[in-house]
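Going by my numbering, the first residue of the sequence shown is number 4, and it counts up by one from there. We treat Cβ as the ideally placed atom computed from N, Cα and C, and that holds for glycine. Below is one structure; the comments refer to it alone.
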Amino acid sequence: MGAVVDFQTGPIRDASRAGDYGRVIELVRKGRQMTQAALGQALGMSQSAVSRLEKRGPASYSTTVLTAAAAHLQIPPALMGLADGRTARVQVRDDDPMH
Numbered sequence: 004m005g006a007v008v009d010f011q012t013g014p015i016r017d018a019s020r021a022g023d024y025g026r027v028i029e030l031v032r033k034g035r036q037m038t039q040a041a042l043g044q045a046l047g048m049s050q051s052a053v054s055r056l057e058k059r060g061p062a063s064y065s066t067t068v069l070t071a072a073a074a075h076l077q078i079p080p081a082l083m084g085l086a087d088g089r090t091a092r093v094q095v096r097d098d099d100p101m102h
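Take a look at the structure:
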């Protein structure tokens, strides 16, 4: 997977902003010169399931599938509508009467 994919501009960013994560997967997969069958094999899905995933549009997606696809294709989790896995930092004030 040596191909460089631009996540900051263009169609991938537009698809992500529209919530069309299947399109993000499709664009990155093609940018990485990977077939639907190869991605499906890596994710434990059939080629036709990958095709349906990529054509779903801005709908609801399984976070398990999105996480696996993002990891395999090296897509930043935020572009897939996922948390990035880092622990959120919460600042608690000592002078707050609620704490």
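According to DSSP, simplified to helix, strand and coil, what is residue i?
i	result
D23	coil
G9	According to the sequence displayed, residue 9 carries Asp and not Gly. Reduced to three states, the DSSP call for D9 is coil.
Whose CA, out of the options, lies closest to the CA of residue i?
i	options	result
G25	P80, L69, L85 and P79	L69
T67	G60, R16 and L56	L56
Q44	V8, P80, A21 and H75	H75
K58	R20, I15, E29 and Q77	E29
Given a cut-off of 7 Å on the beta-carbon distance, is the pair residue i and residue j in contact?
i	j	result
A18	V27	yes
L82	F10	yes
Q50	Q36	no
G22	P61	yes
G34	V53	no
L46	A71	yes
Kindly examine the ligand FAD and report whether one of its heavy atoms sits closer than 6 Å to the Cβ of residue i.
i	result
R59	The ligand FAD is not part of this structure, which contains no ligands at all.
Enumerated in chain order, which unbroken segments of the alpha helix (DSSP H) with a length of 4 residues or greater are wholly contained in the region 31-87?
Qualifying alpha helix (DSSP H) stretches, in chain order: 39-46, 50-57 and 66-76.
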